[in-house]
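Okay, so here's the structure we're looking at.
Residue numbers (the numbering used here): 375 to 839.
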C-alpha cells in the first residue's frame, strides 16, 4: 500500500511538472528551428531602459508596422529573437500575449494594404506582410519569415506550420547554439555559424581553421551594442569540434594589438576593412588555409609570390574592400614589413607569368600585374611599407591617410584590438548593387527606431589570455 501511495505521488508530481512545463514562458522559442545557423536575442526592456513603452516598441513599429505595442498581442517584456534557418530564410520570433490581438493587428494592416487578410492553416493563422514576409502565429509564438517570392510562399508556410507546432526537442532551446547564447549577458547577443554570414565577410572568422573546415563548423559568439550610430560586435570564434576549436585558439594568439597605422587609410565610403597586427611567418599558414582569402587573391597568386610577401610582414596590416561584386573585385592591402628581400624575385616573376599576363614597372620598387581581366598594382615604400591595389591610385593611397577617412570614433574602436573588421552599411549591398544585404538590413532595421540611423558595423575579436 505504501509503495502504491508513493507511485501515485510520483505520478501526480509528474503531471504537475508537465503542466508547469507546458506553460513555460519560453515555449514560444520552440518555434525557432533547432538547426538554425544564426541566432540573435534582443532584450528590448534592457536596451531601451529609461525609455517609454512607445520607444521600447519602436523596433516593432519599424519592422512590423505596430502602432500600439499594448494592443498588438506581442509580449514586449520577453526577448525577441532573429534567426536564420538552415535553408537560408531569415526569421523573427516573438512571444504572443494575446492571439486575438495579433489577429486584430494584422487585420488592421490588411485594411491599409500592408498585409494580406489572415487565413487559418492547420490550426495556425497566417498573413503576408509587404508582399514578401510571411507572418504565422499561435497562442504562444509569432513567426515572421522571408523574404520569399509569391511562388515560394506556400512552401514556406508549410514549413512554418512545422515550426509552430514543434515541441521542445525540435526547437532551438535544445541546441548547443542556444546554450551558448544564454551565457552572453549583453541585452543584444549573437551566436552564428560562419556560413550564415554574407560570404564576403567570412574570412576574418575562419582564419586559422584547418584547410578543409566547413564554415558551418565555425561559430561566432558575440555581445552586441549600439553607440553613436555604430553597431559594435565584440565576439570570439569557437567550434563544437574540438580540433577546430583548438586551431582557432592557437590562431588567436597570433594577433597582436593593432597600432593604428592604417585606420586613417580606409575611406569612409569603402565597403569593408580588416585590420590586424601580425608577424607574417606566423600568419602565412593561416592565410594559406583560408578559402575566402585565397579566393580573393586568385589569379594574382599565379604570377606573384604573395606567400613571400606575407612572410615579410611584421606589424599592422589592413585589407580594404572599396567594393566587392561578382564581376568587379577591388581591394587594397597595406602592411608594415620587416624586409623587402622578395623585390629581388620580381624579375623572375616577370618571366614566369601565365600566357596573356604580364608584370611591368610603374615606379621605384613599384610594379603592376595584368592579365586582361585582373589588375594588381603593388610596391614597397622607402620605409618598408607594402602597398597594393586594383589600380595605381588605390595602391598609392593604401598606406596614406584618406582625404575622407572612416569616422574617428571607428578608428578609436580599432586601435588596441587584436583583430577588427569594419562594414559600411551604406555599401553593404547585393552583388548587383540593387539593395542591402537582407541579413544586415533586417538587424539594422530592428535597431534603428531605438538607436537612430546606423552607419557602420565594427567587429572586434575577444581573445582569452
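Every residue gets a Cβ at the ideal spot worked out from N, C-alpha and C, and that includes glycine.
(request) Count the other CB atoms, across all protein chains shown, that sit within 10 Å of the CB of residue 737; report buried if there are 16 or more and exposed otherwise. (result) exposed
(request) State the Cα-Cα distance for the pair residue 405 and residue 467, rounded to the nearest angstrom. (result) 7 Å
(message) When you compare the CB positions of residue 850 and residue 547, do they come within less than 7 Å of one another, or not?
(response) No statement about residue 850 is possible, as the shown extent of the chain runs from 375 to 839 and does not include it.
(request) Report buried or exposed for residue 416, applying the criterion of at least 16 other Cβ atoms within 10 angstroms of its Cβ. (result) buried
(request) Provide the residue span of the alpha helix (DSSP H) that contains residue 482, from first to last. (result) 473–485
(message) Strictly by DSSP, which residues pair up with residue 641?
(response) 779
(request) Go ahead and pull the three-state DSSP assignment for residue 636. (result) coil
(request) In the DSSP assignment, find the beta strand (DSSP E) that holds residue 833 and state where it starts and stops. (result) 830–835
(request) Please name the residue in 475, 568 and 621 whose C-alpha comes closest to that of residue 515. (result) 475
(request) Starting from residue 841, follow the beta strand (DSSP E) in both directions and report where the run begins and ends. (result) Only positions 375 to 839 of the chain appear in the structure, and residue 841 is not among them; the question remains open.
(message) Classify residue 729: buried if its beta carbon has 16 or more other beta carbons within 10 angstroms, exposed otherwise.
(response) exposed
(message) Within 8 Å, do at least three Cβ pairs link the region 649–668 to the region 773–785?
(response) no
(message) My output table needs one value for residue 744: the three-state DSSP class, helix, strand or coil.
(response) strand
(request) Name the two residues that bound the continuous alpha helix (DSSP H) containing residue 536. (result) 527–538
(message) Less than 7 Å between the C-beta atoms of residue 564 and residue 414, yes or no?
(response) yes
(request) Please report how far the alpha carbon of residue 627 lies from the alpha carbon of residue 512, in whole angstroms. (result) 48 Å
(message) Just to confirm, is the Cβ distance from residue 576 to residue 663 under 7 Å?
(response) no
(message) Out of 636, 637, 688 and 642, which one is the CA nearest neighbour of residue 658?
(response) 688
(request) Please determine if the region 669–680 and the region 739–754 are in contact, where contact requires at least 3 C-beta pairs separated by less than 8 Å. (result) yes
(message) Using CA atoms only, rank isn't needed, just tell me which of 791, 828, 717 and 732 is closest to residue 756.
(response) 717
(request) Could you tell me if the beta carbon of residue 623 falls within a distance shorter than 6 Å of some heavy atom in the ligand NAP? (result) Looking at this structure, you won't find the ligand NAP or any other ligand, since it has none at all.
(message) Going by C-alpha to C-alpha distance, which of 636, 600, 539 and 587 sits closest to residue 694?
(response) 636
(message) By alpha-carbon positions, which one of 520, 490 and 400 ends up nearest to residue 471?
(response) 400
(request) With a 10 Å radius around its C-beta and 16 neighbouring C-beta atoms as the bar for buried, classify residue 349 as buried or exposed. (result) Missing from the structure shown is residue 349; the chain here goes from 375 to 839 and no further.
(request) Confirm, please, whether the CB-CB distance from residue 517 to residue 534 is below 7 Å. (result) yes
(message) On the criterion of 16 or more Cβ atoms from any shown chain inside 10 Å, does residue 617 qualify as buried, or is it exposed?
(response) exposed
(message) Let's see if you can read the secondary structure: which residues bound the beta strand (DSSP E) around residue 706?
(response) 706–711
(request) Sort out for me which residues DSSP pairs residue 564 with in a bridge. (result) 414 and 596
(request) Could you check which residue in 645, 644, 598 and 587 has the C-alpha nearest to that of residue 620? (result) 587
(request) State the CB to CB distance for the pair residue 489 and residue 509, rounded to an integer number of angstroms; the pair is presumed to be in contact (CB under 8 Å). (result) 7 Å
(request) Taking only the alpha-carbon atoms, compute the straight-line gap between residue 707 and residue 740 and give it to the nearest angstrom. (result) 14 Å
(request) Specify, as a first and last residue, the run of the alpha helix (DSSP H) that residue 682 falls within. (result) 680–685
(request) With DSSP collapsed to three states, give me the class of residue 583. (result) coil
(message) Measuring straight from C-alpha to C-alpha, what distance separates residue 408 and residue 724?
(response) 54 Å
(message) Going by C-alpha to C-alpha distance, which of 593, 609, 592 and 542 sits closest to residue 599?
(response) 609
(message) Can you tell me whether residue 742 is buried or exposed? The criterion is at least 16 other CB atoms within 10 Å of its CB, across all chains shown.
(response) buried
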